[in-house]
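Here the structure is laid out as C-alpha coordinates; the discussion comes afterwards.
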Amino acid sequence: MVFDLAFIWAGLIAFAVLTYVILDGFDLGIGILFPFAKSEADRDLMMNSVAPVWDGNETWLVLGGGGLFAVFPLAYAVIMPALYMPITLMLLALVFRGVSFEYRWRTKRGKWVWDIAFFGGSIVAAMSQGIALGALVQGIEVTGRAYSGGWFDWLTPFSILTGVAVVVGYALLGATWIVLKTENDIQVQMRKWAWWLGAATLLLIGVISIATPFQNPIYFDRWFNLPGSLWTMVVPLLMLGLIWKFFTGLNDQRDLQPFLSALGFFVVSFIGIGVSFYPMMVPPSLTIWDVAAPDSSLAFALVGAVILIPVILAYTAYAYWVFRGKMDPAEGYH
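If you count by this note's numbering, then the sequence shown holds residues 14 to 347, one letter each, in order.
What follows is the structure, encoded as C-alpha coordinates:
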(Lines of atoms letter the chains of each structure in order from A and count residues from 1; the text may use other names and numbers.)
(Lines give C-alpha, C1' and ligand atoms only; values in the text may rest on other atoms or scores of the structure.)
Protein backbone atom coordinates (compact mmCIF):
# COMPACT_ATOMS: atom_id res chain seq x y z
CA MET A 1 0.00 0.00 0.00
CA VAL A 2 1.32 3.44 -0.96
CA PHE A 3 0.55 6.26 1.47
CA ASP A 4 0.15 9.84 0.31
CA LEU A 5 2.38 11.34 2.97
CA ALA A 6 1.68 14.95 1.96
CA PHE A 7 -2.07 14.35 2.33
CA ILE A 8 -1.57 12.65 5.71
CA TRP A 9 0.52 15.55 6.96
CA ALA A 10 -2.01 18.10 5.69
CA GLY A 11 -4.60 16.28 7.78
CA LEU A 12 -2.35 16.30 10.85
CA ILE A 13 -1.62 20.02 10.52
CA ALA A 14 -5.32 20.75 10.06
CA PHE A 15 -6.09 18.63 13.14
CA ALA A 16 -3.49 20.51 15.21
CA VAL A 17 -4.83 23.91 14.14
CA LEU A 18 -8.44 22.93 14.81
CA THR A 19 -7.54 21.46 18.20
CA TYR A 20 -5.72 24.68 19.09
CA VAL A 21 -8.72 26.77 18.08
CA ILE A 22 -11.28 24.80 20.09
CA LEU A 23 -9.04 24.46 23.17
CA ASP A 24 -7.37 27.87 23.33
CA GLY A 25 -10.44 29.61 21.92
CA PHE A 26 -12.42 29.51 25.16
CA ASP A 27 -9.23 30.37 27.02
CA LEU A 28 -8.78 33.54 24.95
CA GLY A 29 -12.52 34.17 25.19
CA ILE A 30 -12.32 34.39 28.97
CA GLY A 31 -9.67 37.08 28.58
CA ILE A 32 -11.91 38.99 26.15
CA LEU A 33 -14.79 38.89 28.66
CA PHE A 34 -12.54 39.64 31.63
CA PRO A 35 -13.30 43.38 32.01
CA PHE A 36 -17.04 42.73 31.98
CA ALA A 37 -17.09 40.61 35.14
CA LYS A 38 -19.04 42.29 37.93
CA SER A 39 -16.45 41.90 40.68
CA GLU A 40 -12.83 41.13 41.43
CA ALA A 41 -13.90 37.77 42.84
CA ASP A 42 -15.60 36.90 39.55
CA ARG A 43 -12.46 37.83 37.60
CA ASP A 44 -10.39 35.62 39.90
CA LEU A 45 -12.85 32.78 39.33
CA MET A 46 -12.75 33.24 35.55
CA MET A 47 -8.96 33.09 35.47
CA ASN A 48 -8.84 30.12 37.84
CA SER A 49 -11.21 28.18 35.59
CA VAL A 50 -8.51 27.94 32.90
CA ALA A 51 -5.37 28.18 35.04
CA PRO A 52 -4.74 24.39 35.08
CA VAL A 53 -5.07 23.95 31.29
CA TRP A 54 -4.25 27.19 29.44
CA ASP A 55 -0.55 26.48 28.96
CA GLY A 56 -1.14 22.99 27.58
CA ASN A 57 -3.72 24.33 25.13
CA GLU A 58 -1.03 26.32 23.33
CA THR A 59 0.99 23.16 22.67
CA TRP A 60 -1.18 22.67 19.59
CA LEU A 61 -0.19 26.06 18.19
CA VAL A 62 3.48 25.07 18.45
CA LEU A 63 2.74 21.71 16.84
CA GLY A 64 0.84 23.32 13.96
CA GLY A 65 3.45 26.02 13.30
CA GLY A 66 6.41 23.72 13.77
CA GLY A 67 4.82 21.05 11.61
CA LEU A 68 4.18 23.55 8.84
CA PHE A 69 7.84 24.59 8.90
CA ALA A 70 9.09 20.99 8.90
CA VAL A 71 6.84 19.30 6.36
CA PHE A 72 5.51 22.14 4.18
CA PRO A 73 8.55 24.45 4.02
CA LEU A 74 7.45 26.27 0.87
CA ALA A 75 4.07 27.07 2.41
CA TYR A 76 5.84 28.39 5.50
CA ALA A 77 8.21 30.46 3.34
CA VAL A 78 5.28 32.04 1.45
CA ILE A 79 2.78 32.48 4.29
CA MET A 80 5.15 34.01 6.82
CA PRO A 81 6.24 37.04 4.74
CA ALA A 82 2.61 37.60 3.75
CA LEU A 83 1.42 37.55 7.38
CA TYR A 84 4.42 38.78 9.37
CA MET A 85 2.52 41.59 11.06
CA PRO A 86 -0.57 39.71 12.35
CA ILE A 87 1.51 36.66 13.35
CA THR A 88 4.05 38.80 15.21
CA LEU A 89 1.25 40.70 16.98
CA MET A 90 -0.40 37.39 17.91
CA LEU A 91 2.80 35.98 19.43
CA LEU A 92 3.55 39.15 21.39
CA ALA A 93 -0.04 39.23 22.66
CA LEU A 94 0.19 35.61 23.80
CA VAL A 95 3.43 36.44 25.66
CA PHE A 96 1.83 39.36 27.53
CA ARG A 97 -1.21 37.26 28.26
CA GLY A 98 0.85 34.36 29.56
CA VAL A 99 2.93 36.60 31.81
CA SER A 100 -0.25 38.10 33.27
CA PHE A 101 -1.29 34.65 34.52
CA GLU A 102 1.78 34.52 36.73
CA TYR A 103 2.20 38.14 37.79
CA ARG A 104 -1.43 39.01 38.47
CA TRP A 105 -1.44 36.88 41.63
CA ARG A 106 1.80 38.36 42.95
CA THR A 107 0.81 41.99 43.24
CA LYS A 108 -2.05 44.02 44.63
CA ARG A 109 -1.00 47.53 43.72
CA GLY A 110 -0.23 46.62 40.10
CA LYS A 111 -2.98 44.07 39.58
CA TRP A 112 -4.82 46.38 37.23
CA VAL A 113 -1.80 46.36 34.88
CA TRP A 114 -1.96 42.60 34.50
CA ASP A 115 -5.74 42.67 34.13
CA ILE A 116 -5.22 44.95 31.13
CA ALA A 117 -2.46 42.68 29.82
CA PHE A 118 -4.73 39.64 30.11
CA PHE A 119 -7.59 41.38 28.30
CA GLY A 120 -5.41 43.14 25.72
CA GLY A 121 -3.33 40.06 24.99
CA SER A 122 -6.46 37.96 24.53
CA ILE A 123 -8.26 40.34 22.19
CA VAL A 124 -5.16 41.16 20.10
CA ALA A 125 -4.27 37.46 19.75
CA ALA A 126 -7.82 36.58 18.69
CA MET A 127 -8.07 39.49 16.26
CA SER A 128 -4.67 38.64 14.75
CA GLN A 129 -5.66 35.02 14.24
CA GLY A 130 -8.87 36.04 12.51
CA ILE A 131 -7.09 38.55 10.27
CA ALA A 132 -4.47 35.95 9.30
CA LEU A 133 -7.26 33.50 8.43
CA GLY A 134 -9.08 36.09 6.33
CA ALA A 135 -5.88 37.02 4.50
CA LEU A 136 -5.23 33.35 3.71
CA VAL A 137 -8.79 32.79 2.49
CA GLN A 138 -8.71 35.78 0.14
CA GLY A 139 -5.47 34.48 -1.35
CA ILE A 140 -1.74 35.16 -1.23
CA GLU A 141 0.06 36.52 -4.26
CA VAL A 142 2.85 34.19 -5.35
CA THR A 143 5.33 34.59 -8.20
CA GLY A 144 7.48 31.56 -8.88
CA ARG A 145 8.09 30.13 -5.42
CA ALA A 146 8.03 33.34 -3.38
CA TYR A 147 5.56 35.82 -1.93
CA SER A 148 5.21 38.77 -4.28
CA GLY A 149 2.52 40.85 -2.58
CA GLY A 150 2.78 44.01 -0.54
CA TRP A 151 3.45 44.58 3.15
CA PHE A 152 -0.19 45.35 3.97
CA ASP A 153 -2.00 42.96 1.61
CA TRP A 154 -3.31 41.15 4.69
CA LEU A 155 -5.27 44.22 5.78
CA THR A 156 -8.59 44.29 3.91
CA PRO A 157 -12.27 44.68 4.85
CA PHE A 158 -12.70 40.91 4.53
CA SER A 159 -9.77 40.11 6.86
CA ILE A 160 -11.00 42.69 9.40
CA LEU A 161 -14.42 41.03 9.26
CA THR A 162 -12.92 37.59 9.92
CA GLY A 163 -10.87 39.10 12.74
CA VAL A 164 -13.99 40.49 14.41
CA ALA A 165 -15.77 37.16 13.90
CA VAL A 166 -12.99 35.26 15.68
CA VAL A 167 -13.00 37.72 18.60
CA VAL A 168 -16.78 37.38 19.00
CA GLY A 169 -16.64 33.60 18.51
CA TYR A 170 -13.91 33.18 21.12
CA ALA A 171 -15.90 35.35 23.53
CA LEU A 172 -18.83 32.98 22.96
CA LEU A 173 -16.63 29.99 23.80
CA GLY A 174 -15.43 31.78 26.93
CA ALA A 175 -18.97 32.56 28.05
CA THR A 176 -20.19 28.99 27.55
CA TRP A 177 -17.09 27.67 29.37
CA ILE A 178 -17.91 29.87 32.38
CA VAL A 179 -21.52 28.64 32.25
CA LEU A 180 -20.15 25.09 32.36
CA LYS A 181 -17.65 25.65 35.15
CA THR A 182 -19.44 28.00 37.56
CA GLU A 183 -22.66 28.53 39.47
CA ASN A 184 -24.71 31.42 40.90
CA ASP A 185 -24.49 35.03 39.70
CA ILE A 186 -21.58 34.75 37.31
CA GLN A 187 -23.19 31.78 35.59
CA VAL A 188 -26.44 33.73 35.14
CA GLN A 189 -24.50 36.70 33.72
CA MET A 190 -22.53 34.56 31.28
CA ARG A 191 -25.60 32.62 30.17
CA LYS A 192 -27.16 35.94 29.09
CA TRP A 193 -23.93 36.96 27.37
CA ALA A 194 -23.74 33.58 25.63
CA TRP A 195 -27.18 34.07 24.07
CA TRP A 196 -26.23 37.40 22.48
CA LEU A 197 -22.69 36.32 21.58
CA GLY A 198 -24.12 33.18 19.97
CA ALA A 199 -26.49 35.24 17.83
CA ALA A 200 -23.65 37.62 16.85
CA THR A 201 -21.28 34.77 16.04
CA LEU A 202 -23.84 33.06 13.82
CA LEU A 203 -24.60 36.33 12.04
CA LEU A 204 -20.90 36.88 11.34
CA ILE A 205 -20.45 33.27 10.19
CA GLY A 206 -23.35 33.79 7.80
CA VAL A 207 -21.92 37.01 6.37
CA ILE A 208 -18.46 35.49 5.92
CA SER A 209 -19.95 32.35 4.37
CA ILE A 210 -21.73 34.51 1.80
CA ALA A 211 -18.61 36.58 1.09
CA THR A 212 -16.10 33.71 0.89
CA PRO A 213 -17.20 32.18 -2.45
CA PHE A 214 -16.65 35.57 -4.08
CA GLN A 215 -13.01 35.69 -2.95
CA ASN A 216 -12.02 33.06 -5.51
CA PRO A 217 -13.86 31.44 -8.48
CA ILE A 218 -12.67 28.03 -7.26
CA TYR A 219 -14.53 28.54 -3.98
CA PHE A 220 -17.68 29.53 -5.85
CA ASP A 221 -17.56 26.43 -8.07
CA ARG A 222 -16.93 24.20 -5.07
CA TRP A 223 -20.04 25.42 -3.25
CA PHE A 224 -22.54 26.07 -6.02
CA ASN A 225 -21.86 23.67 -8.90
CA LEU A 226 -23.68 20.34 -9.10
CA PRO A 227 -23.10 17.57 -8.17
CA GLY A 228 -20.47 18.81 -5.72
CA SER A 229 -22.88 21.21 -4.01
CA LEU A 230 -25.00 18.22 -2.91
CA TRP A 231 -22.12 17.23 -0.62
CA THR A 232 -21.35 20.76 0.57
CA MET A 233 -24.98 21.19 1.67
CA VAL A 234 -24.10 18.91 4.59
CA VAL A 235 -22.18 21.82 6.16
CA PRO A 236 -25.15 24.23 6.59
CA LEU A 237 -27.36 21.32 7.69
CA LEU A 238 -24.89 20.46 10.45
CA MET A 239 -24.80 24.11 11.46
CA LEU A 240 -28.61 24.25 11.72
CA GLY A 241 -28.59 21.25 14.05
CA LEU A 242 -25.94 22.87 16.23
CA ILE A 243 -27.87 26.14 16.38
CA TRP A 244 -30.93 24.30 17.68
CA LYS A 245 -28.85 22.42 20.29
CA PHE A 246 -27.10 25.64 21.37
CA PHE A 247 -30.18 27.72 22.08
CA THR A 248 -32.23 24.89 23.57
CA GLY A 249 -29.28 24.08 25.84
CA LEU A 250 -29.14 27.67 27.07
CA ASN A 251 -32.91 27.90 27.56
CA ASP A 252 -33.10 24.54 29.37
CA GLN A 253 -30.00 25.33 31.50
CA ARG A 254 -28.07 22.31 30.30
CA ASP A 255 -24.61 23.61 31.07
CA LEU A 256 -22.54 21.32 28.83
CA GLN A 257 -24.72 21.48 25.71
CA PRO A 258 -24.12 25.17 24.80
CA PHE A 259 -20.35 24.77 25.19
CA LEU A 260 -20.20 21.69 22.96
CA SER A 261 -22.52 23.34 20.43
CA ALA A 262 -20.36 26.48 20.33
CA LEU A 263 -17.29 24.29 19.74
CA GLY A 264 -19.32 22.67 16.96
CA PHE A 265 -19.78 26.06 15.28
CA PHE A 266 -16.00 26.29 14.94
CA VAL A 267 -15.60 22.67 13.80
CA VAL A 268 -18.25 23.04 11.08
CA SER A 269 -16.79 26.39 9.99
CA PHE A 270 -13.37 24.74 9.77
CA ILE A 271 -14.85 21.98 7.63
CA GLY A 272 -16.32 24.67 5.39
CA ILE A 273 -12.87 26.25 4.99
CA GLY A 274 -11.47 22.84 4.13
CA VAL A 275 -14.15 22.35 1.48
CA SER A 276 -13.15 25.68 -0.08
CA PHE A 277 -9.38 25.15 0.18
CA TYR A 278 -8.73 21.53 -0.73
CA PRO A 279 -6.33 20.67 -2.28
CA MET A 280 -4.75 24.13 -1.97
CA MET A 281 -2.39 24.85 0.89
CA VAL A 282 -1.70 28.46 -0.14
CA PRO A 283 -4.65 29.77 -2.14
CA PRO A 284 -5.04 30.35 -4.98
CA SER A 285 -2.01 28.70 -6.60
CA LEU A 286 -0.07 26.24 -4.38
CA THR A 287 -1.44 22.80 -3.57
CA ILE A 288 -0.50 20.45 -0.74
CA TRP A 289 1.86 18.56 -3.04
CA ASP A 290 3.48 21.72 -4.43
CA VAL A 291 4.66 22.84 -1.00
CA ALA A 292 5.46 19.49 0.65
CA ALA A 293 8.94 18.40 1.66
CA PRO A 294 10.44 15.25 0.07
CA ASP A 295 8.75 11.99 0.99
CA SER A 296 11.80 10.86 2.95
CA SER A 297 11.48 13.94 5.21
CA LEU A 298 7.71 13.48 5.56
CA ALA A 299 8.16 9.82 6.54
CA PHE A 300 10.87 10.65 9.08
CA ALA A 301 8.77 13.39 10.69
CA LEU A 302 5.68 11.17 10.69
CA VAL A 303 7.41 8.68 13.00
CA GLY A 304 7.82 11.42 15.58
CA ALA A 305 4.27 12.64 15.09
CA VAL A 306 2.82 9.15 15.59
CA ILE A 307 4.55 9.04 18.98
CA LEU A 308 4.09 12.68 20.01
CA ILE A 309 0.45 13.39 19.14
CA PRO A 310 -1.03 10.53 21.25
CA VAL A 311 1.13 11.66 24.19
CA ILE A 312 -0.14 15.24 23.87
CA LEU A 313 -3.74 14.01 23.56
CA ALA A 314 -3.29 11.79 26.62
CA TYR A 315 -1.92 14.45 28.96
CA THR A 316 -4.44 17.00 27.68
CA ALA A 317 -7.34 14.63 28.34
CA TYR A 318 -5.88 13.78 31.77
CA ALA A 319 -5.62 17.45 32.74
CA TYR A 320 -9.23 18.12 31.77
CA TRP A 321 -10.36 14.97 33.60
CA VAL A 322 -8.54 15.89 36.82
CA PHE A 323 -9.98 19.42 36.81
CA ARG A 324 -13.49 18.46 35.71
CA GLY A 325 -16.59 19.71 37.47
CA LYS A 326 -17.69 23.06 38.83
CA MET A 327 -15.41 25.70 40.29
CA ASP A 328 -15.87 26.55 43.95
CA PRO A 329 -14.82 30.16 44.72
CA ALA A 330 -13.45 29.09 48.10
CA GLU A 331 -12.13 25.59 47.48
CA GLY A 332 -11.51 25.24 43.76
CA TYR A 333 -13.14 22.29 41.99
CA HIS A 334 -15.73 20.00 43.55
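For glycine and all other residues, C-beta sits at the position ideal for the given N, C-alpha and C.
Would you kindly work out how many angstroms separate the C-alpha atoms of residue i and residue j, rounded to a whole number?
| i | j | result |
| --- | --- | --- |
| phenylalanine 225 | valine 335 | Position check: residue 225 holds threonine in this sequence, whereas phenylalanine was assumed. Looking at the two C-alpha atoms, the distance is approximately 41 Å. |
| glycine 44 | serine 141 | 15 Å |
| leucine 193 | alanine 330 | 17 Å |
| threonine 32 | lysine 51 | 31 Å |
| proline 86 | methionine 93 | 11 Å |
| asparagine 197 | leucine 105 | 35 Å |
| valine 370 | leucine 81 | There is simply no residue 370 to check, as the chain begins at 14 and stops at 347 in what is shown. |
| proline 342 | alanine 54 | 8 Å |
| glutamine 266 | alanine 318 | 40 Å |
| alanine 19 | glutamate 71 | 24 Å |
| aspartate 303 | phenylalanine 131 | 40 Å |
| alanine 207 | asparagine 264 | 11 Å |
| valine 348 | glycine 123 | The first residue shown for the chain is 14 and the last is 347, placing residue 348 beyond what the model contains. |
| valine 220 | valine 177 | 12 Å |
| valine 181 | serine 298 | 31 Å |
Thinking residue i and residue j are a contact (beta carbons under 8 Å), I'd like their distance in whole angstroms, please.
| i | j | result |
| --- | --- | --- |
| arginine 195 | leucine 58 | Before going on, a small fix: residue 195 reads as threonine here, not arginine. Contact flag correct, Cβ pair sits at about 6 Å. |
| serine 222 | glycine 285 | 7 Å |
| alanine 64 | glycine 162 | In fact, because the Cβ distance is near 41 Å, the residues do not count as touching under 8 Å. |
| tryptophan 127 | tyrosine 116 | 5 Å |
| alanine 305 | valine 84 | 7 Å |
| alanine 332 | glycine 69 | 6 Å |
| leucine 185 | glycine 211 | 6 Å |
| leucine 255 | phenylalanine 278 | 6 Å |
| leucine 311 | tryptophan 118 | That pair is no contact at about 44 Å. |
| isoleucine 153 | valine 324 | That pair is no contact at about 33 Å. |
Counting along the chain, where does the alpha helix (DSSP H) carrying residue i start and finish?
| i | result |
| --- | --- |
| glycine 80 | 72-84 |
| alanine 138 | 124-151 |
| glycine 176 | 170-194 |
| proline 65 | Here proline 65 belongs to no alpha helix (DSSP H), and DSSP marks it neither H nor E. |
| glycine 163 | Neither: glycine 163 is in no alpha helix (DSSP H) and is coded neither H nor E. |
| arginine 110 | 97-116 |
| glycine 157 | No alpha helix (DSSP H) holds glycine 157; DSSP gives it neither H nor E. |
Completely contained alpha helix (DSSP H) runs for the region 223-281, where each covers 4 or more residues
Within the region 223-281, the complete alpha helix (DSSP H) runs of at least 4 residues are 230-237, 241-245 and 247-264.
Contained beta strand (DSSP E) runs [length at least 3] in the region 281-335, N- to C-terminal order
Considered as a whole, the region 281-335 harbours 293-295 as its complete beta strand (DSSP E) runs of no fewer than 3 residues, in chain order.
Is there contact here, the region 245-259 with the region 272-279, by at least three beta-carbon pairs under 8 Å?
Segments in contact, yes.
At what residue ranges does the region 17-53 contain a whole run of the beta strand (DSSP E), taking only runs of 3 or more?
Restricted to the region 17-53, not a single beta strand (DSSP E) segment is unbroken, complete and at least 3 residues in length.
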